[in-house]
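Engineer: Here you go, one structure.
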Amino acid sequence: MMQIVGISGSLRRGSFNSALLRAAAELMPPGADLKIETIEGIPLYNADVEASEGIPARVAAVKKAIAGSNGLILATPEYNNSIPGVFKNAVDWLSRPPSDVKAVFGGKPVAVMGASPGGFGTILSQNAWLPVLRTLGTNPWFGGRMMVSRAPSVFDESGKMTDEAIRKQLQQFLNGFIEFAGV
Ligand SMILES: Cc1cc2nc3c(=O)[nH]c(=O)nc-3n(C[C@H](O)[C@H](O)[C@H](O)COP(=O)(O)O)c2cc1C
């Protein structure tokens with residue numbers, strides 16, 4: 745069984761990106777499983793805290809999950825045409841200490857997707873992840889794109905994906921990524 749880890753970059757209860765990730769978990773192809781991790785509980789990065797207390801338990805748990813996975817999916821919101829601070833902060837913690845980066849992120853297949861109420865579906869935020877993914881030595885997948893725009897018309901009040909065309913697109917996106925991650 746291929747184990748993929750998915751992280752949503754939103755803390756919001758009604759998050760479209762978390763809803764997108766839950767839809768992805770339902771649509772994973774046979775033989776692959778999506779384990780949803782969260783940035784909830786990850787503190788603001790502070791080098792003094794790292795020096796005196798080490799890596800927070802939540803951070804260590806997510807690092808372990810990613811290290812043991814066959815691939816990583818980031819569901820990223822877009823804030824001010826870039827990565828939301830809370831999400832970047834979480835990944836900054838996950839990249840500590842530098843001696844662990846290779847084991848956690850090195851060569852890791854990574855897919856980026858995102859959802860926004862606006863018309864551009866997080867394209868600029870997805871682009872903003874590229875230098876981060878390169879710096880961490882990941883193996884980003886460029887074989888598909890998943891930019892969900894007009895999110896309130898794609899998900900219902902409970903966060904369920906109700907747009908069949910987007911569901912199909914997500915399924916194809918996941919199939920492509922899993923094929924890539926499995927090679
Ligand atoms: C500070 C801030 C900046 C935002 N900037 C953008 C933006 O540049 N582009 C965009 O599409 N949406 C922007 N939004 C709207 C978010 O896409 C919207 O809040 C979305 O629901 C966040 O993702 P979530 O539903 O997963 O929490 C912004 C929202 C906030 C709070």
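By my numbering, the letter at position 128 of the sequence shown is numbered 872, and the numbering carries on one by one without gaps. Built from N, CA and C at the ideal position, the CB exists for glycine as well.
Comparing C-alpha positions only, which one of Gly-753, Phe-921, Trp-885 sits nearest to Ile-933?
Structural biologist: The question about residue 933 has no answer here: the residues shown for the chain are numbered 745 through 927.
Engineer: Would you please state the rounded distance, in angstroms, between the beta carbons of Met-746 and Ala-769? I believe it to be under 8 angstroms.
Structural biologist: Here residue 746 refers to the residue found at position 2 when the sequence shown is read from its first residue. Here residue 769 refers to the residue found at position 25 when the sequence shown is read from its first residue. Not confirmed; about 13 angstroms, so no contact.
Engineer: Name the residue from Leu-778, Ser-839, Val-898 whose alpha carbon lies nearest to the alpha carbon of Ala-791.
Structural biologist: Translated into positions along the sequence shown, residue 791 becomes position 47. Checked all of Leu-778, Ser-839, Val-898; the closest Cα to Ala-791 is Ser-839.
Engineer: Return the residue from the list Ser-796, Ser-902, Trp-837 that minimises the CA-CA distance to Phe-760.
Structural biologist: Indexing the sequence shown from 1 puts residue 760 at position 16. Among Ser-796, Ser-902, Trp-837, the Cα nearest to that of Phe-760 is on Ser-902.
Engineer: So, are the CB atoms of Ile-910 and Val-848 less than 8 angstroms apart?
Structural biologist: Position 166 of the sequence shown, counting from 1, holds the residue named residue 910. Position 104 of the sequence shown, counting from 1, holds the residue named residue 848. No, they are not a contact pair.
Engineer: By Cβ distance below 6 angstroms, which residues in the same chain neighbour Phe-917 in space, the five residues on each side in sequence not counted?
Structural biologist: The residue given as residue 917 occupies position 173 in the sequence shown. Only Gly-888, Met-890 meet the Cβ criterion.
Engineer: Ligand 1 heavy atoms versus the CB of Asn-825: any closer than 7 angstroms?
Structural biologist: Walking along the sequence shown from the start, residue 825 turns up at place 81. Result yes, Cβ under 7 angstroms from ligand 1.
Engineer: List the DSSP bridge partners of Tyr-789.
Structural biologist: By one-based count along the sequence shown, residue 789 stands at place 45. DSSP output for Tyr-789 lists no bridge partner at all.
Engineer: Rounded to the nearest angstrom, what separates Ala-801 and Asn-833 at their Cα positions?
Structural biologist: If you number the sequence shown from 1, residue 801 lands on position 57. If you number the sequence shown from 1, residue 833 lands on position 89. Roughly 15 angstroms separates the two Cα atoms.
Engineer: Give the C-beta separation of Ser-860 and Glu-822 to the nearest angstrom, bearing in mind that I take them to be a contact with Cβ-Cβ under 8 angstroms.
Structural biologist: Along the sequence shown, read from residue 1 onward, the residue named residue 860 stands at position 116. Along the sequence shown, read from residue 1 onward, the residue named residue 822 stands at position 78. Correct: roughly 5 angstroms between the Cβ atoms.
Engineer: State yes or no: is the C-beta of Leu-723 within less than 8 angstroms of the C-beta of Val-927?
Structural biologist: Nothing can be reported for residue 723, as the shown portion of the chain is limited to 745 through 927.
Engineer: List in chain order: all unbroken beta strand (DSSP E) runs of 3+ residues lying wholly within the region 786-857.
Structural biologist: The qualifying runs are 815-819.
Engineer: Tell me whether Asn-761 counts as near ligand 1, meaning its Cβ is closer than 7 angstroms to at least one heavy atom of that ligand.
Structural biologist: Residue numbering aside, residue 761 sits at position 17 when the sequence shown is read from its first letter. Yes, since a heavy atom of ligand 1 falls inside the 7 angstroms radius drawn around the Cβ of Asn-761.
Engineer: Ligand 1 and Thr-906: does the residue's C-beta get closer than 7 angstroms to at least one heavy atom of that ligand?
Structural biologist: In the sequence shown, the residue the question calls residue 906 occupies position 162. Checking the Cβ of Thr-906 against ligand 1 gives no.
Engineer: Sorry if obvious, but does the Cβ on Thr-866 come closer than 7 angstroms to a heavy atom of ligand 1?
Structural biologist: Residue numbering aside, residue 866 sits at position 122 when the sequence shown is read from its first letter. Thr-866: yes, Cβ under 7 angstroms from ligand 1.
Engineer: Nearest to Ala-872 by CA position, among Asn-814, Leu-765, Ile-827, is which residue?
Structural biologist: Taking the sequence shown and counting its residues from 1, one reaches residue 872 at position 128. Nearest option by C-alpha distance: Ile-827.
Engineer: Can you tell me the Cα-Cα spacing of Pro-773 and Glu-797, whole angstroms?
Structural biologist: Position 29 of the sequence shown holds residue 773. Position 53 of the sequence shown holds residue 797. C-alpha separation (whole angstroms): 41 angstroms.
Engineer: Pop quiz: Asn-825 and Ala-925 are said to be a contact at Cβ under 8 angstroms. What is the actual Cβ separation, rounded to whole angstroms?
Structural biologist: For the purposes of this step, residue 825 is taken as the residue at position 81 of the sequence shown. For the purposes of this step, residue 925 is taken as the residue at position 181 of the sequence shown. Actually they do not touch by this definition, with Cβ atoms about 29 angstroms apart.
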